[in-house]
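Those letters in the sequence shown? Residues -21 to -1, 1 to 986, by mature numbering (1 follows the signal peptide of the UniProt record, and there is no 0).
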Amino acid sequence: MMLLKKQLIIVFLVVSSLAIAQKTAVYTSDLQDYQKALTLYNNKQYKAAQSLFDTIKDETEDITIQSDCAYYIANCAVRLNQNNADDLITEFVEDYPTSTKRNTAFLDVADYYFDNGKYAYARKWYDRVDESSIARSEKERFNFNYGYALYSTKDEKQATKYLNRVVNSKEYGSQAKYYIGFLAYQGDDYDKANEYFDQVSDNEKYKEKLSYYQADLNFKLGKFEKAIALAEEQLPNVRGVEASELSKIIGESYFNLEKYTEAIPYLKAYQGKNRKWNNTDYYQLGYAYYKQNDFESAISEFNKIIDGNNSVAQNAYYHLGESYINLDKKQEALNAFRNASQMDFDLKIQEDAWLNYAKISYDIGNPYQSVPQVLTGYLKQYPDSGFTDEIETLLIDSYITSKNYKEALELLKGKNSFENKAAYQKVAFFRAVELYNENKYNDALDLFDGSLKEPRDPNFVAKATFWKAETEYNLTNYNEALIGFKQFEDLSETSNLPENENLNYNLAYTYFKLKDYSNASNYFEKFIQHKSNDRLRLNDAYLRLADGYFVSSNYNDAITAYKKAIQLNEIETDYAAFQTAMSQGYLGKGTNKISELKAFINNYPKSALRDDAMYELANSYVKSNESDKAMQMYDRLNSEYSRSAFTSKALLRQGLVYYNGNDNQRALTKFKKVASDFPGSGEAVQAVSTVRLIYIDLGRVDEYANWVRTLDYVEVTDVDLDNATYSAAEKPYLDNETDKAIRQFNKYLNEFPKGLHHQKAHFYLAQLYYKKNLFDNAQPHYKTVVDASKSEYTEQATVKLSEIYLSKSNWEQAILVLKNLELEADYPQNVIYAQSNLMNAYYQTEDYAKAESYAEKVLSHSKLDNKVKSDAKLIIARSAIKTGNEAKAKTAYAEVGKIATGSVAAEALYYEGYFKNKAGDYEASNTTIQKLAKDYGSYKLYSAKGLVVMAKNFYALGDAFQATYILESVMSNFPDFTEVVSEAKTELNKIKAEEAKTNSSIETDDN
């Protein structure tokens, strides 16, 4: 057994020796390959080295070699910028936690990234280094590199900590001091920065870099002279951005030393940050120009300050306003001072800006709010101001000059001083006149009374008295109007007033309406004797004088006056000629009447009175026993004017001629035609009565009864009751017992809906309802009259029915009625009425071609009231705008502007400014818009639209501040006008986007 053991031991030893020998051989081979890989690594053959290290790592069983290979594989990955480099380093650390190369791996990778300028990557690995394991010789490099990496990644506090560790290093000290100084500079610790910069200022490596920072440091420390010296010394040696920054330091230093002449060239040389200035940059250069009294240049800089809302902006806007004032640009100054007054960074500047804003508003008007509001606002804000008396004086006057009487009245409520009451007297008067011109007579009457309750100024007492009487006249309150005109006549202050010129004319008309023709004629004569230059009014006075004589049966004097009117040939010549002929007849001069009527029919082929003349001529022939000529003329009338109000009368007259000539059959034919074609008319009633007489004479009563039954508006047995019931209604109507008449007419129509007098009853009932403003009640009764056969009431009913439809904006119905009125009106004024309302109705229904066509028709009339003429031209202008024909609109609005008042004048002014802007005449456009703001500021829509045009003008003139400020004001002051606000916003965004290209202070929707 012992021998066997020994043999076994020998075998084991032999085997072990062989294994060890093999293992040693492998290890030796691994070391050789490892050394070869290491040589490749040291020779920067990273790809080949990495591959060999990878092979060795896989084949070796030596943990140390595996660890070292993993380290170098990861290191090569870093140097080869492979995507998994960081992961390989992490794996190495995790897989070989006891490796001596762990800390070296962190440090080596960090240094590699540092050397390649990848400081964020470097910091990541420096953060993991165990500082206590770093060799002393590596400490300084680690501290500096780590400090710089922290500096580069904006960790100023930690950066300063590590850099401070090497401030005394021979190798890294200067760099560390420079960066510590720079960190202090960035942290606004200028004393510390200066301390460190001074320590390296002699180092050539940093001397050039420090030139800007030291200059800037001294500037920020308020050492402006030294800042200038340092910057000017270095300025010749630099270019580009650094030259720009040094120029800024020099310019701002001179600016702070109040050496503005020296500052200007340097401030101008500054190129801005990323080629953009900010609001402070523009302010400094603008203020330097301002202090040199170079106001044009100051404005060109100040007005680039957009969106400013700080003390710099407030100061800039205030001095911008001052600059504009020095150049007499008050509109521009208004906006600048207004902006400065709305900021409270400097209260003294705010107050001064408020005062200037208030004074300029008074001087030129204010497009944003009424001048009284501005002045009142100042007094409320600064009740103890030294300018209180001056502003209060302006306030009182502004109530008048602003012409914004509606708001002025609101502001004057409750103010009881003498001055305010005097102002109220005038403002109430002017507002009443405005309402009068808008046909709002009841509202105007209240304010004329209000003005008269404060009788401070005798002239305004007189004027209010006169216009109150005018208003009463238009309300058909003729007795009250007469009292007012007579009171005006008795006032001593009236002689120099323009109202006095037409007083006699007004008194005459009032007496005329009261049917006091004697006094009416007396005052018309007085008016004529004064030889008024108003030929139109003079012509009318002759006509009414003649009418007064005519109704008083003073026909010779009437003829004389009518002929005077014909000689003037201004208006209603045909009417005067017709009335002359009628007067001849009343004088018993039948031959003259016939002669003049025949001449009339030939001379006035388009006269609305031509059918009247034919009817009267036929009647005259009857009277002179020329029956054949009479019948021919009646037939001619019925042929040429089949829808005339005289057609039924002519037929009735023909029937009577036949009846009186015992030609009963022909008489019956005519009477029956009247009864069937014109039911319910007075002529029909008379025709039925005469037919009854004929049938009685012929002894054919049954035949009459049978015929009457075919007429649904006549019941033979009820004729007397019909007449009696109607008379019961007509009497209270004639006695002005309105409510009783309404009840009775309704009773009549209920009992006799198609009675003998139903058409007349419908008309009178409609008139009564209309007078009581019960338009819905009146409407169906007017419509019944209009839809019936033409009568003496048709035209008047048509006018009233159209008025009701128009008042309800029922354009389609109004158009139908107005077109009938245009075709069938006997009175020229009703034709004009129809056409003028048709043009408006078509415009409202967006049929602009027809609207324009009717406006042209209206203007074709030779004698037109200015308001009608203005309305027609306005429709042409508006239609042209709607259809895009701006050339036509421009011409039309220019015509409108010559005669328009109130809101129409505001509209015309707006378009004048609009078209001047389109033509590139920006200064003239602004002048027009400024006039709009001053004279018509109460018409807010056109004030707002005008401001948008003004903004466009200013931007085209290079004034971005004015443009943006105005647009922002439109958006904040006129929220009700959404389309205008939307346009303003669009323009504002465009301007801001453009200005933001050069001004970094501007915020846009893209910021």
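Each residue gets a CB set at the ideal place from its N, CA and C atoms; glycine is no exception.
Label residue i either buried or exposed according to how many other C-beta atoms from any shown protein chain fall within 10 Å of its C-beta, with 16 as the threshold for buried.
i    : result
Y889 : buried
V928 : buried
Q738 : buried
L713 : exposed
L59  : exposed
H509 : exposed
R688 : exposed
S961 : exposed
Q802 : The residue you asked about is not Gln; residue 802 is Leu in the sequence shown. The residue is exposed, with fewer than 16 neighbouring Cβ atoms inside 10 Å.
E730 : exposed
S471 : exposed
Q14  : exposed
I228 : buried
K779 : buried
P346 : buried
A514 : Sequence inspection shows Arg at residue 514; the Ala mentioned does not correspond to that position. R514 should be labelled exposed.
L486 : buried
S430 : buried
G463 : buried
S497 : exposed
D590 : buried
K585 : exposed
V810 : buried
K762 : buried
Using the three-state DSSP reduction, which class does residue i fall into: helix, strand or coil?
i    : result
N481 : helix
K751 : coil
N952 : helix
K283 : coil
K628 : helix
K762 : helix
K255 : strand
N905 : helix
N789 : coil
T3   : Bear in mind that the predicted position of T3 carries a pLDDT of just 48, short of 50, making it unreliable; the figure below should be weighed with that in mind. T3 falls in the helix class under three-state DSSP.
N548 : coil
N288 : coil
N978 : strand
F742 : helix
Q271 : coil
A939 : helix
L735 : coil
S812 : Per the sequence shown, the amino acid found at residue 812 is Tyr instead of Ser. Three-state DSSP puts Y812 in a helix.
H298 : helix
Q29  : helix
A859 : helix
Q644 : helix
Pop quiz: residue i and residue j are said to be a contact at Cβ under 8 Å. What is the actual Cβ separation, rounded to whole angstroms?
i    : j    : result
F657 : T669 : Actually they do not touch by this definition, with Cβ atoms about 14 Å apart.
S148 : A155 : 7 Å
Y452 : T489 : 6 Å
E575 : T559 : 6 Å
D29  : A56  : A quick correction: the sequence has Gln, not Asp, at residue 29. Sure, about 7 Å apart at Cβ, within 8 Å.
I343 : Q909 : 6 Å
T777 : L744 : Actually they are not in contact, since the Cβ atoms of T777 and L744 sit about 16 Å apart, beyond 8 Å.
A335 : G365 : Correcting the residue type first, residue 335 is Asn in the shown sequence and not Ala. The pair is not a contact, with the Cβ atoms about 14 Å apart (cut-off 8 Å).
TODO: Say whether the region 564 to 577 touches the region 600 to 616, bearing in mind that this needs 3 or more beta-carbon pairs closer than 8 Å, one atom from each stretch.
DONE: yes
Open item on the list: List, from N- to C-terminal side, the alpha helix (DSSP H) runs of 4 residues or more that fit wholly inside the region 662 to 728.
Closed with: Within the region 662 to 728, the runs of alpha helix (DSSP H) at least 4 residues long that lie entirely inside it are, in chain order, 680 to 688 and 698 to 713.
Open item on the list: Using 8 Å as the cut-off, can you tell me whether the region 917 to 937 makes contact with the region 354 to 361, which would need three or more C-beta pairs spanning the two stretches below that distance?
Closed with: no
Open item on the list: Measuring CB atoms only, is the region 80 to 96 touching the region 106 to 115, in the sense that at least three cross pairs come out at less than 8 Å?
Closed with: yes
Task: Uninterrupted alpha helix (DSSP H) stretches inside the region 63 to 138 (no shorter than 4 residues) - done: Taken in chain order, the complete alpha helix (DSSP H) segments of 4 or more residues contained in the region 63 to 138 are 64 to 74, 81 to 94, 98 to 105 and 115 to 131.
Open item on the list: Ignoring anything shorter than 4 residues, give me the alpha helix (DSSP H) runs that lie fully in the region 335 to 372, in order along the chain.
Closed with: 350 to 360
Open item on the list: For the structure I just gave you, are there three or more beta carbon pairs, one from the region 937 to 944 and one from the region 908 to 925, closer than 8 Å?
Closed with: no
Task: Any 3 or more C-beta pairs closer than 8 Å across the region 410 to 426 and the region 436 to 447 - done: yes
Task: 4-residue-minimum alpha helix (DSSP H) runs that sit fully inside the region 529 to 573, ordered along the chain - done: 534 to 547 and 552 to 565
TODO: Would you check if the region 864 to 876 and the region 845 to 855 touch, i.e. whether three or more CB-CB distances between them fall below 8 Å?
DONE: yes
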